[in-house]
Amino acid sequence: MYYSDAIKLRKKLQLDFDEPFMYLLKNYGSCLFYRGRFEESVETLHEARNIAEMLGEKRPCTANVYYALARTFRSWKPDSQEAANYAKAAVEMKDLLDSLYVKNIHF
Numbered sequence: 001m002y003y004s005d006a007i008k009l010r011k012k013l014q015l016d017f018d019e020p021f022m023y024l025l026k027n028y029g030s031c032l033f034y035r036g037r038f039e040e041s042v043e044t045l046h047e048a049r050n051i052a053e054m055l056g057e058k059r060p061c062t063a064n065v066y067y068a069l070a071r072t073f074r075s076w077k078p079d080s081q082e083a084a085n086y087a088k089a090a091v092e093m094k095d096l097l098d099s100l101y102v103k104n105i106h107f
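The sequence shown begins at 1 in the UniProt record's numbering and counts up one residue at a time.
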């Protein structure tokens, strides 16, 4: 899979953990979600979230990472506190999200 190869190469080369890498991790986490590999998706999305928190300011990608985490937890563990927490965080950044995503967020 191209995403996993790109992630491995980027880590091997010890490149900066920046916004493009956060997008790469978010996209790979979403692919894993759609394949039903929820645990791996969460691990990957947590890496993206860590970069988002390291970068500080709220960005569209940060909001998308929280949305992806909320969606993944809602499918994997629907009654978990994590699903609600990430949905709440995504809603708090709703101005940065695509309006389609905002409509699909459930607490």
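Backbone N, C-alpha and C define an ideal beta-carbon position, used for all residues, glycine too.
Please work out which residues of its chain come closer than 6 Å, Cβ to Cβ, to residue i, disregarding the five sequence neighbours upstream and downstream, and give them in chain order.
i     : result
Phe17 : Ile51
Asp79 : none
Pro60 : Leu96
Lys11 : none
Glu47 : Leu25
Glu82 : Phe73
In or out: residue i buried (at least 16 other Cβ within 10 Å) or exposed?
i     : result
Met54 : exposed
Arg35 : exposed
Ser41 : buried
Comparing alpha-carbon positions, which option in the options lies nearest residue i?
i           : options                    : result
Ala89       : Trp76, Lys77, Arg49, Ser75 : Arg49
Leu24       : Leu45, Arg71, Gly56        : Leu45
Glu39       : Leu9, Ala6, Phe73          : Phe73
Phe33       : Gly56, Leu9, Lys77         : Lys77
residue 128 : Leu15, Gln14, Lys94, Met22 : No answer is possible for residue 128: it lies beyond the span of the chain, which begins at 1 and ends at 107.
Lys58       : Glu82, Gln81, Lys94        : Lys94
With a threshold of 8 Å on Cβ separation, who are the neighbours of residue i within its own chain once the five nearest residues in sequence on each side are excluded?
i     : result
Ser75 : Phe33, Phe38
Got a sec? Which residues, its chain only, sit under 7 Å from residue i by beta carbon, not counting five neighbours each side?
i    : result
Leu9 : none
Ala6 : Leu24
Between residue i and the ligand SAM, is the CB less than 8 Å from at least one heavy atom?
i     : result
Tyr67 : Ligands in the displayed structure: none, and consequently the ligand SAM is not present.
With three or more C-beta pairs closer than 8 Å as the rule, is the region 16-36 touching the region 61-71? The answer is yes - the region 16-36 touches the region 61-71, with three or more Cβ pairs under 8 Å.
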